[in-house]
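Heads up: the protein sequence lines correspond to chains A and B, in order.
The first sequence begins at 917 in the numbering used here and counts up by one.
The second sequence begins at 917 in the numbering used here and counts up by one.
There are 2 protein chains.
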Amino acid sequence: MTTTPNSRRGGRASRTAMRAAPLTDDIKPVRPGMAAGRYKPLTDAEVLKIHEAAINVLENIGIADAIPSTLEYLLPKGCKLDANGRLLFPRSLIEHTLEIAGRNFPLYAQDPQYDMEPWGTNTYFGTAGAAVYIADYETGEYRESNSQDAYDIARLVDRMEHLHFYQRAVVPRDIPEASAMDINTCYLSVSGTTKHVGTSWVHPDHLEASLKMLHEIAGGEDKWRARPFVSQSNCFVVPPLKFASDACKCLEVAVHGGMPVLLLSAGQAGATAPAAIAGALVQQVAECLAGLAYVNAIKPGAPAIFGLWCFVSDLRSGAMSGGSPEQVLLSAASAQMAHFYNLTGGTSSGISDAKYPDAQSGSEKGINHALVGNAGMNLIYEAAGMHGSLLGYSLEGVVLDNDTIGSVQRTIKGIEITDESLSIETMRAQCIGGPGHYLGAEQTLRIMQSEYLYPAIGDRLSSKEWKEVGKPAIYDVAHKKVREVLDNHFPSHISEEMDANIRSYLDIRLPREKMLHPSILPATL
Amino acid sequence: MTTTPNSRRGGRASRTAMRAAPLTDDIKPVRPGMAAGRYKPLTDAEVLKIHEAAINVLENIGIADAIPSTLEYLLPKGCKLDANGRLLFPRSLIEHTLEIAGRNFPLYAQDPQYDMEPWGTNTYFGTAGAAVYIADYETGEYRESNSQDAYDIARLVDRMEHLHFYQRAVVPRDIPEASAMDINTCYLSVSGTTKHVGTSWVHPDHLEASLKMLHEIAGGEDKWRARPFVSQSNCFVVPPLKFASDACKCLEVAVHGGMPVLLLSAGQAGATAPAAIAGALVQQVAECLAGLAYVNAIKPGAPAIFGLWCFVSDLRSGAMSGGSPEQVLLSAASAQMAHFYNLTGGTSSGISDAKYPDAQSGSEKGINHALVGNAGMNLIYEAAGMHGSLLGYSLEGVVLDNDTIGSVQRTIKGIEITDESLSIETMRAQCIGGPGHYLGAEQTLRIMQSEYLYPAIGDRLSSKEWKEVGKPAIYDVAHKKVREVLDNHFPSHISEEMDANIRSYLDIRLPREKMLHPSILPATL
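Here is the structure:
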């Protein structure tokens, strides 16, 4: 997929690459989409109570501000407008929706090796967000994020083993016009990675323009529709319980265009959702069920992700706190709600309130991912790089979070219990007439690659060795890894011809040469 | 319990103290010893398989190197020496032991408010360890730990809301003689905190001397026996499956002396325990069951903690990796084994392989505590300050880890599901004719203290505010908090008279004046 100048040289560089090559899939201790679910914050009875309360909300409080087309789709299905102009959803419609809703749909990637099967309790981690600041690679200071960052984050994620998809993480603030911003974000995303991409559009026209491009990249509309490799992150609802008109229009275009939709209910407990975690769960479930009814009224069975993305406020200030333990509970319980409906669920996990990767962010991300991951949410968004309560992005954070996610995946894999792994014969051999330890035991050597996960950058040196190598700070190690990727990894799956073609009819702002390795640029540059 | 110069002044200082005063117990969002158990890495059938394998090991492989007194206690109970001199334990003895074993015994503290009830799935966090290095407060560099550190860590833990007990965490390397080291460590621990203390002794004579002191502090042997506030951390076994002679002698003294014993099986998967996590579980369970049989042969029902403390190797180097995901699984599954037996269980969680508090240590501690805590281990040791794979201690880490543990405790508390918390009426009031948000809602104001936990030092400022206050690094905030405690908190529960008395017959090395606030030292010092 990737061409770097080094890969052409062979010799020492290629031997180094070979030693650093990943384990083959059959021996890897973790793999994308492992089944999780050993952590359950709610009992089955509690899950049912939340479901029933959500139905109650839909039947009796309903959703405000439906646009005409929403009404055209939903009134014939049994929805009613009440005296306040709120759209009420009968239980029977929700139950019918749950019968016909799309399930077990893969999320495709440009490179099929990255296709995802986000159903059951299969669990995938990826980025997301709309940060407007990024910690500048050179200065470390927050500055506004731009198109180059959007592209760089995509290609960094492309090389992170434990990030399984890429959803747009920063806003390219160098593009003020909404239309160009939407289209460029989409192009930079699909150019920067061959993993599944998520992004958003603020107006249906921008989405139509992007779809044309996606058809071309796919090799035709039929090929796009067979393997749609971009999903739409869609805030169809403005919590509490109001439809968002432009987003609803984009939703309709996506559903007609064969693009999977992430139905995002992104309230904030204590601000736009009830402060009580149970109530926040009820509201987001009600909103997403309404969205699901809408999608299925447009096209029965259309792929939609149940996006239970309620955030949490620090109630002292009203500000968002993504790293709070209340956020952990909300996101983890959301996984159980998705399992209850047997729908593909998505939520956020891994946002830090710290401004940079540090002991606080590590802790917040570790706790969130450990519990949301083990709760078995299918798609875990915002999983890497996100700081400053969603406002600040860190490239170094992406590399650090990759290790955190890998570690959490190892816990998801769990403990293998077999007659062999119970190790009675191994114990006997080592203890009776054996060496009295397991260092060179056959079992130890056999499972050291398949059952033990080693961090990509995490430090496990002895303090003596660590001193000898100059006491590298982990942030600096991550920083170096970012440079290594950004200096060398320039995905080439979008050909020069395709790029030129797209630029001929779309206003792509990042110059082509900023997307190529410096050494293969024309000499005149 | 505490006298600081400030508390005598009143006025502004006391108002400040009042504002900073903790919430009353009835409103606090978390409390010590909350019931956990919503994360279960093993199925019930798998737990049973591990139990059966452990019985198999005890019946057929047994434990080597029993000392004469161990044999005197255990041979009459049905144990047998095999041809290799290994002590074999019949299933019937283990089953009988499990019938008569001490259960539901509190672990007492000098201050009864800190008494613990570590049974069921009640979960407590505290320190432990035998680090030989500490990051010096002034220079930040690792240096050998000393008596002053041992005392300072105890009084720092005494002020950390989410640390529920204090087990000795560093070795006072300024005391080379084992006898003085044991006795001083015990005295410094019980002087530095009124929370429950754990420590260890390498020789029974040191323990006898310490017990005399503990009787005096308690106000008599009967009072000590009624409320033993120190437990013995006892490595009675050298994995794999060998008794440790001096530790066994100390064990006997502790049991006779009414001191709870932490039966520590501290192997290391891949080195002194099988590399397969299942096998490591089996071996440690077998070892602890043997220890439990031993304790109950000495004194039926004597308080003993089932110390499933197996560590993990990085199999590439053989070095210990306390921050690994394999460690998480071992420690969390250990909680389930303790629950299976309905015994008070202990394990380690929160060791970082990083040398200092940083993004890596935060992540390792967050993942470990989140899952081991939610697995519901009764006593979680090594929970704060431990770095360098057990070799290096950090005072700043204690303060940071306190926030991590608080956050994990909030997840353990879980989600309150009641008709009120489901919030249907709150939603109706805000959405229909209300303000359309929950910022000032009655529910929001009512639960902002009781359902939301705020970090003690964690940063949740907006990036703008954070910039305005000078972008404080979280490590520096923790550093300042350490200074604040160490400059002001000098526990005075051991009176001057008691201290003088103890020093009259024990070789206490840390001068009394190093245990007092500078301002209340005699002027001549």
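From the three backbone atoms N, C-alpha and C, an ideal C-beta is built for every residue, glycine too.
How would you write the range of the beta strand (DSSP E) that residue i sits in, first residue to last?
i	result
A/A1220	1220-1224
A/V1086	Counting along the chain, A/V1086 falls outside any beta strand (DSSP E), and DSSP gives it neither H nor E.
B/E1203	Per DSSP, B/E1203 belongs to no beta strand (DSSP E); it is in the alpha helix (DSSP H), 1193-1214.
B/S1264	1261-1264
B/E1413	That residue, B/E1413, is in no beta strand (DSSP E); its alpha helix (DSSP H) goes 1412-1421.
B/A980	Unbroken run through B/A980: none, as it is neither H nor E.
B/G1050	According to the sequence provided, residue 1050 of chain B is Ile. The question's Gly does not apply to it. Its beta strand (DSSP E) spans residues 1049-1051.
A/I1296	1295-1297
B/Y1103	Here B/Y1103 belongs to no beta strand (DSSP E); instead the alpha helix (DSSP H) covers 1094-1108.
Please list the terminal residues of the continuous alpha helix (DSSP H) segment that includes residue i.
i	result
B/F1256	1241-1257
B/V1177	Unbroken run through B/V1177 is the beta strand (DSSP E), 1177-1181; no alpha helix (DSSP H).
A/R1399	1390-1404
A/L1009	1007-1016
A/A999	Careful: A/A999 lies outside any alpha helix (DSSP H) and carries neither H nor E.
B/L1167	1161-1172
Under a three-way DSSP split, which group does residue i fall into?
i	result
B/V1146	strand
A/L1355	coil
B/L1377	coil
B/Q1365	coil
B/K1281	helix
B/H1303	strand
B/R931	Bear in mind that a pLDDT of 40 at B/R931, under 50, signals an unreliable position, so the number given afterwards is only what the model happens to contain. B/R931: helix per DSSP, three-state reduction.
A/R1344	helix
A/G1289	helix
A/M1076	coil
B/H967	helix
A/L1426	coil
A/Q1026	coil
B/R954	coil
A/L991	helix
A/R1059	strand
A/L1157	coil
A/H1112	strand
A/P1407	strand
A/A1134	helix
With which residues is residue i paired in a DSSP beta bridge?
i	result
A/T1510	This structure does not reach residue 1510 of chain A, given that chain A is present from 917 up to 1441, and the question cannot be answered.
A/V1118	BP columns for A/V1118 are empty, so no partner.
B/F1021	Per DSSP, none; premise fails for B/F1021.
B/Y1309	B/I1050, B/M1302
B/M1236	B/S1229
A/L1003	A/I979, A/L997
B/M1032	B/L1023
Use the C-beta contact count for residue i: other C-beta atoms within 10 angstroms, 16 or more gives buried, fewer gives exposed.
i	result
A/Q1029	exposed
A/K1165	buried
B/H1395	buried
B/H1421	The residue asked about is misnamed: residue 1421 of chain B is Tyr in this sequence, not His. With fewer than 16 Cβ atoms within 10 Å of its Cβ, B/Y1421 is classed as exposed.
B/A1416	exposed
A/R1212	The displayed chain sequence assigns Asn, not Arg, to residue 1212 of chain A. A/N1212 comes out buried.
B/R1428	exposed
B/K1139	exposed
If you measure from the CB of residue i, is any heavy atom of the ligand MG nearer than 8 Å?
i	result
B/D1090	Looking at this structure, you won't find the ligand MG or any other ligand, since it has none at all.
For a contact defined as C-beta to C-beta under 8 Å, what are the partners of residue i on chain C?
i	result
A/M1364	In the structure shown, chain C cannot be found, because the protein chains are A and B.
Just by C-beta distance, which residues in the stretch 1152-1175 of chain A are closer than 7 Å to chain B?
P1156, L1157
Along the stretch 1306-1323 of chain A, where does the CB come closer than 9 Å to a CB of chain B? Name the residues.
L1307, G1308, E1312, G1313, L1316, D1317, D1319, T1320, G1322, S1323
Interface residues of the stretch 1191-1210 of chain A facing chain B [CB-CB below 7 Å]:
A1191, A1192, I1193, A1194, G1195, V1198, Q1199
If contact means a Cβ-Cβ distance below 7 Å, which residues of the stretch 1016-1045 of chain B contact chain A?
none
Any residues in the stretch 1336-1353 of chain B with a beta carbon nearer than 9 Å to a beta carbon of chain A? Which ones, in chain order?
E1336, S1337, L1338, S1339, I1340, T1342, M1343, R1344, Q1346, C1347, I1348, G1349, G1352, H1353
Short-range partners of chain B found in the stretch 1412-1427 of chain A, where Cβ spacing is below 7 Å:
none
Mind listing which residues of the stretch 1241-1259 of chain B have their C-beta closer than 9 Å to chain A's C-betas, in chain order?
P1241, E1242, V1244, L1245, L1246, A1248, A1249
Contacting positions in the stretch 991-1020 of chain A - beta carbon closer than 7 Å to chain B
N1000
Select from the stretch 969-981 of chain A all residues with a C-beta closer than 8 Å to any C-beta belonging to chain B, and list them in chain order.
A969, N972, V973, N976, I977, A980
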